[in-house]
Amino acid sequence: MYAESESYSRDFGSLVPPKAHFQITLRRSAISLGDRTKGTLKSLGLDGRMQTVYRRHSKTSQARFCL
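Using numbering that gives the first Met the number 0, the first residue of the sequence shown is number 0, and each one after it goes up by one.
As structure tokens, then:
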């Protein structure tokens with residue numbers, strides 16, 4: 000059902016992601032945020048408002064969310 004890649008895009012529509020993943024949605028614009036935060040968003044694959052990505056549970060990905 001899901002590919003073996005690290006991320007899933009919003010192209011899957013209403014499919015429920017596996018529980019072993021974080022669902023991350025960029026809700027506000029990153030224009031006024033600092034360069035470090037923008038870099039974190041880029042590394043997560045978020046480049047536009049209301050974009051959602053899925054990341055597997057891991058200590059590395061969990062540390063990225065502590066902005």
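Note that CB positions come from ideal geometry on N, CA and C, so glycine has one too.
Q: Starting from the C-beta of S28, find all residues in its chain whose C-beta is less than 7 Å away, skip the five residues before and the five after it, and write them out in chain order.
A: Position 29 of the sequence shown, counted from the start, is the residue given in the question as residue 28. These residues qualify, in order along the chain: R48.
Q. When the Cα atoms are used, what is the spatial distance from R55 to L40?
A. Locating residue 55 in the sequence shown gives position 56, counting from the first residue. Locating residue 40 in the sequence shown gives position 41, counting from the first residue. When rounded, the distance between both Cα atoms is 16 Å.
Q.
My output table needs one value for R35: the three-state DSSP class, helix, strand or coil.
A. In the sequence shown, the residue the question calls residue 35 occupies position 36. The answer is helix: DSSP assigns R35 an H, G or I state.
Q) Is I23 near T51, with beta carbons less than 8 Å apart? A) Sequence index remark: in the sequence shown, residue 23 carries index 24 (1-based). Sequence index remark: in the sequence shown, residue 51 carries index 52 (1-based). Yes, the pair counts as a contact, with Cβ atoms nearer than the cut-off.
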